[in-house]
Amino acid sequence: MFIVGSKCANAQEQLPVVQLLGVVVTADSAAGLAGIAVYVPGTNRGTVSRQGGFFTLPVLAGDSVVFQALGFEKQYIIIPKTNAPEKYTTSIRLRQVAKQLPEVQVMPWATQQDFKVAVRDLNLPDKPIVKPDLGSLPAYYKSIFEGPKMDVADNIKQGFKHHQQMREQRYLVPTPIRIF
């Protein structure tokens with residue numbers, strides 16, 4: 028009985044590693060899809076498709092690979108065991124699925140009755156609240172033409188500041204995607 032168990036363990040260890048690579052596109056066009064989860068269920072192996080839908084993932088021959096994202100139909104492929112090559116290239120076409128999510132009412136009260144009691148007991152001021160005149164403060168201007176003049180150096184500084192902000196937003200690293 029022990030020998031049979033060791034034969035099974037050796038058979039699992041000898042499965043060849045296959046480099047799965049390809050592209051994920053929409054079913055109705057050839058547009059690449061970024062951010063699609065590509066993983067082997069029940070393992071900690073997975074990746075996310077990059078810009079243009081490209082992905083690469085090391086898998087074992089015989090593995091089932093899942094392609095999944097919100098708004099798209101989940102799709103599976105199985106890596107062939109027989110004559111497994113070192114690389115397996117594929118193109119996955121995901122079909123969009125519109126799902127209607129149930130309505131959620133967010134309220135800070137536990138029940139509608141608690142909300143009604145809170146509205147009933149609300150104390151509003153008798154006199155209207157007076158807003159200050161922002162025009163009297165030196166930091167605020169009623170018109171763009173009343174402010175201080177901007178010279179060439181200030182204009183260049185503002186332009187560089189704007190371009191720096193645009194660069195920082197372009198290269199923000201997304202938060203890790205958790206795969207179940």
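The opening residue of the sequence shown carries number 28 in the working numbering; numbering runs sequentially from there.
Virtual Cβ for every residue (Gly too), placed ideally from N, Cα, C.
Remember, it's a predicted structure, so these values are computed and weren't measured experimentally.
Spell out the partners DSSP gives residue i in its beta bridges.
i	result
R120	V52
L84	L47
G73	Y66
V146	None; V146 has no bridge partner.
I105	S91
Can the beta-carbon of residue i be found closer than 8 angstroms to that of residue j?
i	j	result
V92	L47	yes
G98	Q123	yes
E100	L121	yes
S60	T53	Note that residue 60 corresponds to Leu in the displayed sequence, not to Ser. Yes. Within cutoff.
E113	V65	no
I106	V133	no
A88	K108	yes
A96	I119	no
Quick check on residue i: does DSSP put it in helix, strand or coil?
i	result
A180	helix
V65	strand
K114	strand
S196	A small fix is needed here, since residue 196 is Gln in this sequence, not Ser. Note: Q196 maps to helix in three-state DSSP.
I98	For the record, residue 98 in the displayed sequence is Gly; it is not Ile. If DSSP states are grouped into helix, strand and coil, G98 belongs with coil.
G59	strand
L42	coil
Q191	helix
D153	coil
Q132	coil
Q127	coil
Give the C-beta separation of residue i and residue j to the nearest angstrom, bearing in mind that I take them to be a contact with Cβ-Cβ under 8 angstroms.
i	j	result
V50	G80	5 angstroms
Would you say the beta carbon of residue i is closer than 7 angstroms to some non-hydrogen atom of the ligand NAD?
i	result
V50	Questions concerning the ligand NAD fall outside what the structure shown contains, since it holds no ligand whatsoever.
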